[in-house]
Amino acid sequence: MMKKVIVIGLDGFEPKIAEAMMARSELPNLQNVREQGGYARLGTTYSAQTPVAWSTYSTGTNPGGHGIFDFLSRDPKTYLPVMALSRYEQKNAFVLPKVVNMRRGIPFWELLSARDVPSTILRVPCAYPPDPVKGRLLSGVGVPDLRGGFGTPTFYSTRKDLHADQSEKVVAVNVEGDRVATQVIGPRDPKTKSDHKFDIHIQIVKEENKIVITSQGQPDKLEVQLGKWSKWLKVRFKVGMMQSVTGIVRFNLRQIEPEFELYASPVNFETEEPLFSISHPKEYAHELAMKIGRYYTAGMAEDHDGLNLGRFDEAAYLDQCRIVMRERRRMMEFELGRFERGYFYCLYDTPDRLAHMFWRFREAGHPSNRHHGYNAEYAGAIEEHYRECDAIVGEAMKAVDDETLFIVLSDHGMNSFQRGLNLNTWLYENGFLALKPGVQPGESGDFFQNVDWDKTKAFALGLGCIFLNLKGREANGILNEEEAEQTRQGIERGLSGLVDPERGAVAVRSVSRREQIYSGPYLHEAPDLLVNFSEGYRVSWDTPLGGVPQGLFVDNHKRWGGDHVIDPALVPGVLLMNRTFRAQSPSLVDLAPTILNALGVPKNAEMEGSDLLS
4 MMKKVIVIGL DGFEPKIAEA MMARSELPNL QNVREQGGYA RLGTTYSAQT
54 PVAWSTYSTG TNPGGHGIFD FLSRDPKTYL PVMALSRYEQ KNAFVLPKVV
104 NMRRGIPFWE LLSARDVPST ILRVPCAYPP DPVKGRLLSG VGVPDLRGGF
154 GTPTFYSTRK DLHADQSEKV VAVNVEGDRV ATQVIGPRDP KTKSDHKFDI
204 HIQIVKEENK IVITSQGQPD KLEVQLGKWS KWLKVRFKVG MMQSVTGIVR
254 FNLRQIEPEF ELYASPVNFE TEEPLFSISH PKEYAHELAM KIGRYYTAGM
304 AEDHDGLNLG RFDEAAYLDQ CRIVMRERRR MMEFELGRFE RGYFYCLYDT
354 PDRLAHMFWR FREAGHPSNR HHGYNAEYAG AIEEHYRECD AIVGEAMKAV
404 DDETLFIVLS DHGMNSFQRG LNLNTWLYEN GFLALKPGVQ PGESGDFFQN
454 VDWDKTKAFA LGLGCIFLNL KGREANGILN EEEAEQTRQG IERGLSGLVD
504 PERGAVAVRS VSRREQIYSG PYLHEAPDLL VNFSEGYRVS WDTPLGGVPQ
554 GLFVDNHKRW GGDHVIDPAL VPGVLLMNRT FRAQSPSLVD LAPTILNALG
604 VPKNAEMEGS DLLS
């Protein structure tokens with residue numbers, strides 16, 4: 004039995020890159036862990052997504068046991084996409100809504116708590132609202148911004164030809180002399196559907212390449228240098244007669260002239276007065292801020308949408324990634340400094356976010372490079388970041404003693420994303436999805452606009468999920484059991500081995516039925532079919548929210564040029580321990596039993612994995 008278990012999570016850490024770097028002695032701390040115990044590729048989940056995989060890590064069950072299958076799900080009453088990680092319940096208009104975590108199952112730290120074993124858990128996904136725990140927990144992926152989404156940035160510009168894309172806000176501003184008056188956009192008013200706003204006044208100081216933002220926030224004057232990220236600005240939105248909501252925002256000044264352009268991050272929860280609790284105990288998030296300074300509280304800290312939409316460049320994104328990593332490292336070092344026994348976990352999300360945005364520079368022929376340019380300077384950006392992660396592992400190892408089990412793992416790997424499949428268009432062309440009379444693909448828009456549900460047998464939503472239009476389940480369901488089976492078989496036959504005619508490559512390796520890959524109490528919530536893509540492919544950008552565009556295959560022109568939502572066999576994670584372990588086919592479901600047993604606590608009956616140390 005161990006006194007301590009320390010786990011460092013490196014989201015999206017790719018085995019092929021890590022193995023090559025270890026072979027070249029470029030990751031000495033990871034290699035040290037490997038030599039002390041062992042290394043293996045780690046089996047991930049269906050599908051290989053952060054919330055799905057870390058929920059399996061937390062509960063020791065497949066997704067059918069915890070109910071998280073994707074970032075998105077669908078409302079069977081409306082067919083519309085909904086956030087799958089949490090939901091808000093409100094009894095009436097006079098009380099605040101209650102947040103409900105949609106990750107079910109029992110996380111293993113609850114079993115530890117029941118045996119009086121403390122935990123320190125930093126930025127764990129799918130723990131919003133936070134799980135009660137003996138010790139401290141800070142929620143990670145799943146915590147929204149102040150508007151309730153995964154990230155709503157704002158772009159201010161004097162240009163008149165700009166339009167908002169995806170979840171961003173675009174604000175047209177005028178420069179009068181050297182001044183700009185505008186507002187930070189805050190939460191929506193559920194009654195009026197309008198946005199609450201916070202006034203800011205901007206003075207442009209051209210000779211110093213900076214602006215000064217004056218407001219009633221904290222600080223009352225905030226300098227923003229050209230091309231640099233500002234410090235945090237605390238803002239307060241008045242949302243009622245006696246009510247206000249606080250948040251924090253930071254800025255990146257893109258341009259002063261000839262056009263003025265300013266980027267504002269999504270407004271994050273402020274730790275002292277968060278709209279909803281983001282830690283356990285509730286005051287812990289602010290206590291941590293008092294020790295290390297203000298930090299990103301939104302689950303998606305890195306502003307990949309800002310880069311994806313071209314609101315700032317790769318250099319600014321790298322700077323922001325470094326800021327996030329420094330924040331996280333300060334958290335880790337502070338908590339490890341007072342960690343004496345039990346379970347410690349800290350997740351670094353940035354390896355995943357950075358690889359999504361910089362993978363294209365590993366492939367000069369990537370379609371994205373034709374649109375956004377190729378910069379050889381960034382070809383080694385992922386490797387450079389892995390070295391930073393290795394240094395963090397080395398820092399964490401300072402807290403390891405003879406009674407410590409030390410684990411480094413990633414939830415999945417990373418791969419190229421060069422081509423997308425318009426999955427709903429494929430369903431349309433093969434007779435499984437119908438559009439209203441006179442409507443053709445490309446005229447439908449997102450959210451299944453103009454889909455004829457009375458003639459539709461199946462539809463795609465999220466990242467490779469297909470749902471059948473079943474009688475008694477969907478609002479306009481048309482399929483009985485026999486027809487549903489015929490539909491499943493038809494989709495399986497048609498999609499499995501599907502070839503991209505332009506490249507002559509197999510785009511889809513296989514299609515999995517939910518009963519083949521999931522089991523447990525939440526099986527009925529799973530997509531009916533899951534599409535397992537080949538390397539280089541994924542669902543198109545138009546698929547997740549229910550689009551039906553023209554054509555089947557499309558080049559991925561976005562800067563987001565790497566991805567992992569493909570056949571899970573192609574994107575395993577990494578696993579390193581400082582103790583010899585069973586290295587043959589370890590899986591994420593094995594971590595919870597392993598950690599519990601190391602701390603002398605038995606696993607529960609629901610856990611499917613086994614102790615890797617036994």
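Each residue of the sequence shown is one higher than the last, beginning at 4 in our numbering.
Glycine included, each C-beta is placed from N, C-alpha and C at the ideal position.
Beta-carbon proximity list for HIS289, same chain, < 6 Å, skipping 5 on both sides:
THR274 and GLU275
Which residues in the same chain have their Cβ closer than 7 Å to the Cβ of ASP449, if we skip the five residues on either side of it in sequence?
LEU548, GLY549 and GLY550
Give me the Cα-Cα distance between PRO133 and LEU473, rounded to the nearest whole angstrom.
35 Å
Let's see if you can read the secondary structure: which residues bound the alpha helix (DSSP H) around THR490?
484–498
Short check: CB of PRO54 to CB of VAL127, under 7 Å?
no
Simplified DSSP state of PHE74, which is helix, strand or coil
coil
Express the C-alpha separation of THR64 and ARG585 in angstroms, rounding to a whole number.
19 Å
HIS369 classed as buried or exposed, judged by whether at least 16 other C-beta atoms fall within 10 angstroms:
buried
According to DSSP, is TRP362 part of a helix, a strand, or is it coil?
helix
Which of helix, strand or coil DSSP assigns to ASN559
coil
Candidates LEU115, PRO530, GLY493 and GLY41, of which the one nearest GLU477 by Cα:
PRO530
Is it the case that the Cβ atoms of ARG150 and PRO110 are separated by a distance below 7 Å?
no
Buried or exposed: which applies to LEU99, given that a residue is buried once 16 or more other Cβ atoms fall within 10 Å of its Cβ?
exposed
Skipping 5 residues on each side, what residues in its chain have a beta carbon closer than 6 Å to that of THR249?
ARG239, GLU273 and GLU276
Assign CYS129 to one of three DSSP states: helix, strand, or coil.
coil
How should VAL103 be labelled, buried or exposed, when 16 other C-beta atoms within 10 angstroms of its C-beta is the threshold for buried?
exposed
Using the Cβ count rule (16 or more neighbours within 10 Å means buried), how would you classify LYS80?
exposed
Just to confirm, is the Cβ distance from SER170 to TYR131 under 7 Å?
no
What ranges does the beta strand (DSSP E) occupy inside the stretch 107–176, keeping only unbroken runs of at least 3 residues that lie completely in it?
122–127, 138–142, 157–160 and 172–175
Rounded C-alpha distance that separates ASP558 from ASN427
17 Å
From ILE295, ALA318, VAL187 and ILE216, residue whose alpha carbon lies closest to that of ASN271
VAL187
If you check the beta carbons only, do SER233 and PHE254 fall under 7 Å apart?
yes
Write down the C-beta distance between LEU125 and LEU350 rounded to the nearest angstrom, noting that I regard them as a contact closer than 8 Å.
7 Å
With a floor of 4 residues, list each alpha helix (DSSP H) that falls wholly inside the stretch 303–359, ordered by position along the chain.
307–311 and 317–339
Grouping DSSP H, G and I as helix and E and B as strand, with all else coil, what is VAL568?
coil
Assign ASP202 to one of three DSSP states: helix, strand, or coil.
strand
Ignore the nearest five residues each way along the sequence and tell me which others in VAL10's own chain have a CB closer than 6 Å to its CB.
TYR348 and ILE410
Determine the direct distance from the alpha carbon of ASP355 to that of ARG139, and round the result to whole angstroms.
25 Å
Rounded separation between GLY480 and ALA487 - CA only:
11 Å
Could you tell me if ALA415 is buried or exposed, where buried requires 16 or more neighbouring beta carbons within 10 angstroms of its beta carbon?
The question names Ala, but residue 415 is His in the sequence shown. Label assigned to HIS415: buried.
So for LYS209, helix, strand or coil by DSSP?
helix
With DSSP as the reference, label ILE259 as helix, strand or coil.
coil
Buried or exposed: where does ARG182 fall if 16 or more other Cβ atoms within 10 Å of its Cβ makes it buried?
exposed
Measure the alpha-carbon distance for ILE295 versus GLU338 and round it to whole angstroms.
11 Å
Using CA coordinates, which residue listed in GLY15, GLY68, ILE20 and TYR42 is at the minimum distance from GLY612?
GLY68
Would you be able to state if there are at least three C-beta pairs under 8 Å between the stretch 461–472 and the stretch 518–532?
yes
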